[in-house]
Each structure stands twice: as C-alpha cells, then as structure tokens.
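S.K.: So that we are looking at the same thing, I have put the structure below in structure tokens.
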Amino acid sequence: MSISSTDHPTAPDSDRQDAPAGPASPGAYRLDLDGLRGVAIALVVAFHIWAGRVSGGVDVFLVLSGFFFTGMLVRRADGGPVGVLTTVRRTLRRLLPAMVVVLAAVVVATVTLLPHTRWSDIAGQTLASLFYYQNWYLALSWSDYLAADPSVSPLQHLWSMSVQGQMYLVLLAVVALVAWTLRRAVAAGAWKTAARHAFLRRAGQQGVLRLTLAVIFAVVAVASFCYATEGVSTQQGWNYYDTFARAWEPLAGALLAIAAPYIRLPRPTREVFAWTGIAAIACCGWIVNGVLVFPGPAALIPVLATVALILAGAGRDTAEQPLVNRALASGPIVQLGGFAYALYLWHWPILIFYLGETHQRRAGAVGGLAIILVSLLLAYLTHHLVEEPLRMRSKPSATPARGRLLAGVAVSTVGVLLLGSTLAWQWTMGAKAHAVGELDPSKYPGAAALTDHALVPRAPMRPTTEEAPADIAYPTRDGCIADFDTRAVVTCTYGDQNAHRTIAVVGNSHAEHWIPAFQILGEQYHFRVVVYLKMGCPLTVAEDPVYKGQQNPDCRDWSAEVIDRLGVEHPDYVFTTATRPSDNGGDETPQDYVDVWSALSDRNLQIIGIRDTPWLRRNGIRYRAIDCLAGGGDRISCGLERSEALSPENPAAAPAAAFPNLHLIDPNNAVCEPDVCAVVEGNILIYHDEHHLTASYSRSLAPELGRELQPILGWW
1 MSISSTDHPT APDSDRQDAP AGPASPGAYR LDLDGLRGVA IALVVAFHIW AGRVSGGVDV
61 FLVLSGFFFT GMLVRRADGG PVGVLTTVRR TLRRLLPAMV VVLAAVVVAT VTLLPHTRWS
121 DIAGQTLASL FYYQNWYLAL SWSDYLAADP SVSPLQHLWS MSVQGQMYLV LLAVVALVAW
181 TLRRAVAAGA WKTAARHAFL RRAGQQGVLR LTLAVIFAVV AVASFCYATE GVSTQQGWNY
241 YDTFARAWEP LAGALLAIAA PYIRLPRPTR EVFAWTGIAA IACCGWIVNG VLVFPGPAAL
301 IPVLATVALI LAGAGRDTAE QPLVNRALAS GPIVQLGGFA YALYLWHWPI LIFYLGETHQ
361 RRAGAVGGLA IILVSLLLAY LTHHLVEEPL RMRSKPSATP ARGRLLAGVA VSTVGVLLLG
421 STLAWQWTMG AKAHAVGELD PSKYPGAAAL TDHALVPRAP MRPTTEEAPA DIAYPTRDGC
481 IADFDTRAVV TCTYGDQNAH RTIAVVGNSH AEHWIPAFQI LGEQYHFRVV VYLKMGCPLT
541 VAEDPVYKGQ QNPDCRDWSA EVIDRLGVEH PDYVFTTATR PSDNGGDETP QDYVDVWSAL
601 SDRNLQIIGI RDTPWLRRNG IRYRAIDCLA GGGDRISCGL ERSEALSPEN PAAAPAAAFP
661 NLHLIDPNNA VCEPDVCAVV EGNILIYHDE HHLTASYSRS LAPELGRELQ PILGWW
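Structure representation (structure tokens):
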C-alpha cells in the first residue's frame, strides 16, 4: 500500500437482472450498468498494477451492489415473502464457486512458491475469505492496505468481498423483517378502513414498506457516514476495513433502489449527470488518495458519481438514454462487466505471485500486460466453466443438467479439500509456534559471538522458523503495550519490582523489544523497569503524527499524557529510541524526536537514547528473516549490508549535543558484523519478523546493554 487498495467485486448476477420496479419503472435490463461494472473493474486492475493508488472502484461496486440487491428484495417483498433461505442459497451459489476455485489456486501456488512460514497466515486468510470475515481478520491484525509488493498477501483484496457478504445479510434481514411485520399487521386488520380496505391491503402495504425501509436505511446511512468521517482522523487503519464505516455506500444504492422509480429527470439534467458521473469515476483515483480518506466524505466522489449514472439512464430505453449510458451499454464493455467478479478474484493473486517471483515492487509495462492477459483468460474460463453452469435454473436449456451436476460436484470437492487443508495448516503451525525458554549459553551465545568472540558450536538455530513468531517481547505477551486502536496508557513493571531506582522504557515496539534484556539487568542490578508503550507510536509531540502514511491522533494524545506522567512520576531515566530507518538507506533522527527530547528536558528528565536496530528491507521491499531462511537462504544471504541499514555515523549524535541530559548508546555492534547484518548470530535467530528482535536474542544482548548503560547509570 505506499498504500493502495484493491476494489470491490460485482454483485451476483441475480441481483442485477432487473432494475427496481415502481410507479415509474425503469423498464428494460440496464446494460449500461453492466458496462459501468466493466469500466470499474478495468480501473481496479489498472490502478493495482500500474498506479499504486485507490481507483474508487470499490465504492462504485458497493453502490451498485446495494442498488441491485435491495431492488430485488423489495420487489419480492411487494409480492409476498422475501424468501430468506432461497435468497441466501442463490447468492452463495453465485458467489462461492468462483471464490472456491480461486482460493484453491492460491493455496496450491502458496505451497509451490512460498516458504512454509507463510502458509499459516495465508491459511487463516483463506478461511476468513471463505466465511466472509476477511475484513475483520485484516483489521484486527492492523494490515493497512499496502500497494502490491511481494510481502503482501495474495488474498488481501478479498476484504471487500467480506464487506459485501455481510451487507447482503443485513439488507436481507431488514427487508424480510419489515415485510413480515407489515404482512402481520395487514392480516390482523390494522390497515382496514370502511372505504379503502382493498386499496390499503395492496398499494398501502407496498408504500409503507418502501417508506419504512427508506427511513431505516437513511438513519443507518447517516450514522455510518458520520462514523466513517470520524474514523478517517482517528483510526483510519481500522476504518478502512470496518463494515459499519463502509455501510453508508451500499445503503446509498439501497435508498436509490427505493427512490429511483419515483424520480423523473429532464433530458438536459440526465446528460449532465451522465457526463459528470463518468468523469468523476475516471478521475477519482487521481483526485484523492483514497486509502487515507475512504470511506469518509471523499468517498462521496465515486458514490455520487455512480448514483448520477444510475439516475441518468433510469426509466428509459437504451435509445433514449444519454450518450454516456449508451456507450456503457456497448458490447465489449458489457462483456467485461459480465465477468468482472471473476476478474476481480484472479488479478490480485496473480499480481502478487508475479512480483514475488520477479522480486520487484512494480510489474512494469510488459509484466503488467502479461498479468492482465492471464487474469482475463482465467476469469473468462471461471465465468463460463464454473459460474454459468451453476447459475439458477431459470434457463434450464442453457446448461445441461449433467454439466451442472459435474460442476457442482467438482466445486464442492475442491471446497471440502480447501477447508480441510487450511484447518490442518492452522492447527499444525499453531502447535509449533511458541516462545523459547532460556537457552544454554554454551550452545547459544547469541550476541556474545560478536561482542566477546564466544565460540559458536554446531547447534540448530533457535528459535526455529516455526517458533519465531511467538518468541516476542514480554509486554506484547503480557498485554502491556497499547495496540494501534487503544488510546489508554498501559503500564507494567519488569526487573526488580521492589527496587527504588527506575528506568521508564517509552515509545513503540522498538523500545519494547529491549525488555527481555532489561528484565535480566533489572533483576541482577536491582532496578525497576516501567513500560509506557504503544504500537506504531514512537513518543511524539507532533500535531499530526503519521503511521505508515495514515494520521494517528491516538499517538499524539497518548504521547502527551505519557510525557506529562513522566514529568510527575520522574523516573531516574527515560529510555527511548533515538533513530529510525531512512527511506534512502541508512538511518536518521527525525526532527520530531529532537522535539521530544526538548519536551522531556523541560521536565528535568534524564534521557537514554538508543540507536535503533536494522530493519530488513531489500530494494525497498520488506521481508521476514524466517521466510528467507525457509526459502533456502542462509544467515548472511538473508541479511543485509551494514551500510544499507546503518549510516556511517550515529545520526542522533549531532542533535544530541544540544541536550546535556541526553545520553546516547549504540548496541548495533552486538547485532551486526562489520560489513553485514546477518539474521542469525551465535545460533540465535535475531528477528521474529521484519525488524523486531526475538526475545531470545534480546536476552543475549543483556551483557552488552549493561556495558553501554553502566557509565551512564553508575549503578553497578
């Protein structure tokens, strides 16, 4: 994601067969809206492959999904029961087969092309996609929507399918409940009057149904819009995936499905709507950086543009529609819209696997064209061999019963195998992931191999690639670090909890991963270690702090409270990071860090600023040590040149000269060799992910950290 987002798939075909009926029936099948799907999916694919930005197609598809699905439900409710089970069965029959095929292909590609260390997460995302909770899976893991690169999941795009599926269930439940309630009222005689009994039993019930649904949807849509607007500035990483934050967009389509039959626009207005709408959709991706602001107010651009195009052609035959709508109804664009769903499913995993195999961040012109051609071919085959044979039997002559049976059996078999294999992966990998206990220093000297030239005997690496994800710093394990969406200051004490001398470890996870070393030193030299930690939040005094390109106001407010508390509690020393990686290679000390030193100095606090440890990046692409090792790399080839990770001089040294209360330490000689920063030293794996120390290696750093701190503290 540079942050970029994938966009939304199409609705099931059954939801788009007819436009909403009513007093001013739109009439014939809306080929122009099929064409709009084609334009939207073309933008989605092109932006993913070449632009690295949000195209706005997700919002177009959400509005169309709400429009068609609600229109279908209201028409059914007008004539009788909605048919909840029938609707669910038909919708799943249209959505799941293609999904199952693509998920199975991703599983096969994962086993074939990716190291086994990535299987567990992809298995979890496979299950989340299959059961339509992928958006929450990603939100809970703070997987902000990265632009395509090899480190991104090939299933990350399916969060939007989960939002769509959840909204279908909500819309279905609301329409069915309101319709049932009104039918009960009619049956009980609540609508009877002496003069208008027959009319109210039919027309009155339909009118009240539509009015009731309109009020409910409007209230929820306004609440959702306000919630999304607030979320843009407070928790955009979560907001982007949140179903309720997205709800106002399909509800806009739902309201339009109810209101459109009553709206008649003059031709000049329809022409303006059509041209403005298509222009806004085409330009949306360049006008706003959607990943930072959608689904907030900026999403009104594609949402209102879609509404305008729907209204422009409503209630008119194709020949009477505006020129734009007639162009959208042309053959090639309509055909593309016909298999937009399958194309959406295929293009993203093909792109991700391509980038992974070529070790590139962008596909380029030739590579991008190849990805599009392969995606189009697979989408076409999926549409005609899987989706069409399993469509509802409204056209029994179109697909022989035997063909439907074979397709159904094949997809069901693949689905069962897919579910079984992913559950097995989850169980197996989960059983192997656990924190490593104390290691024998004679076999596992860790950092001592660099600092003390300790002998390194032959021994298997610990933690292993399976154990590493669980070998994490203690605060995360203990719930003593505020997560990305937690504003509260969380504190815990390590070391000698009864000691009178205190070091406050403050900042983000790169201050946190020193706690295993501090635990040893605190117990040995009798001082307390109190943590004030928040994920993704180095201490800041900035008005608008940013994390991975997103505003992070919680970090600002959390930091302000922590700095004030430190001024009151006045620990002996405040320990925090003094550098971070630079986008241009090496490391740097941002001005915000210097401003924090000033704020702490104003409170007469002694500061220990530690130079950050290297982050694993190669050609700007992040990677995990365990993935590289599991893929056949070794401790050196999976590492990086020291000159790429660290600048020749500590960048904090120059600005620190202005702060006599600031004491700098640099333990990187205990992490890196003179020319290379390997990923294993002294038989201990250094990183449990891309840039955080394993608890095991952090413990091995305790002696070196103690040597760095002793001249400053004078406590031993």
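Note that the UniProt record's numbering has the sequence shown beginning at 1, numbered continuously upward.
A virtual CB, placed ideally from N, CA and C, is assigned to each residue, including glycine.
Remember, predicted model here, so these are calculated numbers, not experimental data.
Whose CA, out of Y262, E320, I665, lies closest to the CA of A274?
M.R.: Nearest C-alpha to A274: E320.
S.K.: Cβ of L521 within 9 Å of Cβ of L705?
M.R.: The answer is yes: Cβ separation under 9 Å.
S.K.: Beta-carbon within less than 6 Å of Y573's beta-carbon, same chain only, minus the 5 sequence neighbours each way: which residues are those?
M.R.: Correct list, in chain order: I503, Q606, I608.
S.K.: Does DSSP classify H8 as helix, strand or coil?
M.R.: The predicted model places H8 with a pLDDT of 42, which falls under 50 and marks its position as unreliable; any figure quoted below should be read in that light. Correct three-state label for H8: coil.
S.K.: Could you check where the beta strand (DSSP E) with T491 kicks off and where it finishes?
M.R.: From DSSP, the beta strand (DSSP E) with T491 extends over 491 to 495.
S.K.: Please confirm if the region 281 to 289 is in contact with the region 96 to 106, defined as three or more CB-CB distances below 8 Å between the two stretches.
M.R.: Output reads no: the region 96 to 106 does not touch the region 281 to 289.
S.K.: I'd like the span of the beta strand (DSSP E) that includes V366, first residue to last.
M.R.: Taken as a continuous stretch (DSSP letters only), V366 belongs to no beta strand (DSSP E), being part of the alpha helix (DSSP H) at 364 to 382.
S.K.: Grouping DSSP H, G and I as helix and E and B as strand, with all else coil, what is D587?
M.R.: Strand.
S.K.: Measuring alpha carbon to alpha carbon, tell me which of I350, E569, V58 ends up nearest A109.
M.R.: The option with the nearest alpha carbon to A109 is I350.
S.K.: Using 8 Å for Cβ pairs, my map puts A459 next to K443. What's the rounded Cβ distance?
M.R.: The pair is a contact, with the Cβ atoms about 4 Å apart (cut-off 8 Å).
S.K.: Measure the alpha-carbon distance for K395 versus L31 and round it to whole angstroms.
M.R.: Any answer about K395 is weak, because its pLDDT of 48 lies below 50 and its placement is not dependable; what the coordinates show is given next. Whole-angstrom Cα-Cα distance: 19 Å.
S.K.: Does DSSP put Y532 in a helix, a strand or coil?
M.R.: Y532 falls in the strand class under three-state DSSP.
S.K.: Check the C-beta distance from G290 over to G56 and give it rounded, since I have them as a contact under 8 Å.
M.R.: About 6 Å; that satisfies the 8 Å criterion.
S.K.: From the DSSP output, in three-state form, read off C677 for me.
M.R.: Here C677 sits in strand by DSSP.
S.K.: So is the beta-carbon of P268 under 8 Å away from any non-hydrogen atom of the ligand MN?
M.R.: With respect to small molecules bound, the structure shown includes none, and the ligand MN cannot be examined in it.
S.K.: Give me the Cα-Cα distance between G463 and L693, rounded to the nearest whole angstrom.
M.R.: Note that residue 463 is Pro in the sequence shown, not Gly. Straight-line Cα distance between these residues: approximately 11 Å.
S.K.: What does the alpha-carbon distance come out to for the pair V293 and Q551?
M.R.: Each residue's Cα considered, the two are about 10 Å apart.
S.K.: For a minimum of 3 consecutive residues, which ranges assigned as the beta strand (DSSP E) are wholly contained in the region 284 to 345?
M.R.: Runs found: none.
S.K.: Keeping to the same chain, check which residues put their C-beta closer than 6 Å to that of H347; ignore five residues upstream and five downstream.
M.R.: Here the set comprises V45, S375.
S.K.: Considering only residues of the region 69 to 132, which uninterrupted beta strand (DSSP E) runs meet the minimum length of 3 residues and lie entirely inside it, listed in chain order?
M.R.: None, since the region 69 to 132 contains no complete beta strand (DSSP E) of that length.
S.K.: What residues are listed by DSSP as bridge partners for E641?
M.R.: DSSP lists V676 as partners of E641.
S.K.: What does the alpha-carbon distance come out to for the pair E690 and C638?
M.R.: Answer to the nearest angstrom: the Cα atoms are 11 Å apart.
S.K.: Who are the Cβ neighbours of I216 in its own chain at under 8 Å, not counting the five residues just before and after it?
M.R.: Result list for I216: V174, V178, in chain order.
S.K.: Rounded to the nearest angstrom, how far is the Cβ of A658 from that of T589, given a contact under 8 Å?
M.R.: Contact doesn't hold; Cβ gap of about 12 Å is too wide.
S.K.: If you draw a straight line from the alpha carbon of A449 to that of D471, how long is it in whole angstroms?
M.R.: Taking the straight line joining both Cα atoms gives about 20 Å.
S.K.: Ordered along the chain, which non-local residues of its own chain (more than five positions away) have a Cβ less than 6 Å from that of A447?
M.R.: Same-chain partners within the cutoff: A670, S700, L701, E704.
S.K.: Beta-carbon separation of V456 and N683 under 9 Å?
M.R.: Contact: yes.
S.K.: Where does E649 land, buried or exposed, given buried means 16+ other C-beta within 10 angstroms?
M.R.: Label assigned to E649: exposed.
S.K.: Mind pulling the beta strand (DSSP E) runs of 3 or more residues that sit fully within the region 209 to 251?
M.R.: Here no run is fully enclosed.
S.K.: Given that a residue counts as buried once 16 or more other Cβ atoms are within 10 Å of its Cβ, and exposed if not, what is Q134?
M.R.: Q134 is buried by the Cβ-count criterion.
S.K.: Thinking just about the alpha-carbon of each residue, which of A695, A305, L182 is nearest to the one in T212?
M.R.: It is L182.
S.K.: Measuring straight from C-alpha to C-alpha, what distance separates L385 and S559?
M.R.: Spanning the two alpha carbons is a distance of roughly 56 Å.
S.K.: Where does I607 fall in DSSP's three states?
M.R.: The answer is strand: DSSP assigns I607 an E or B state.
S.K.: From the DSSP output, which residues share a beta bridge with V562?
M.R.: None, per the DSSP bridge assignment.
S.K.: Rounded to a whole number of angstroms, what is the C-alpha to C-alpha distance between W715 and Q519?
M.R.: If I take the Cα positions, the gap works out to 15 Å.
S.K.: For Y444, which residues does DSSP report across the bridge?
M.R.: Looking at the DSSP assignment, Y444 forms no beta bridge with any residue, so it has no partner.
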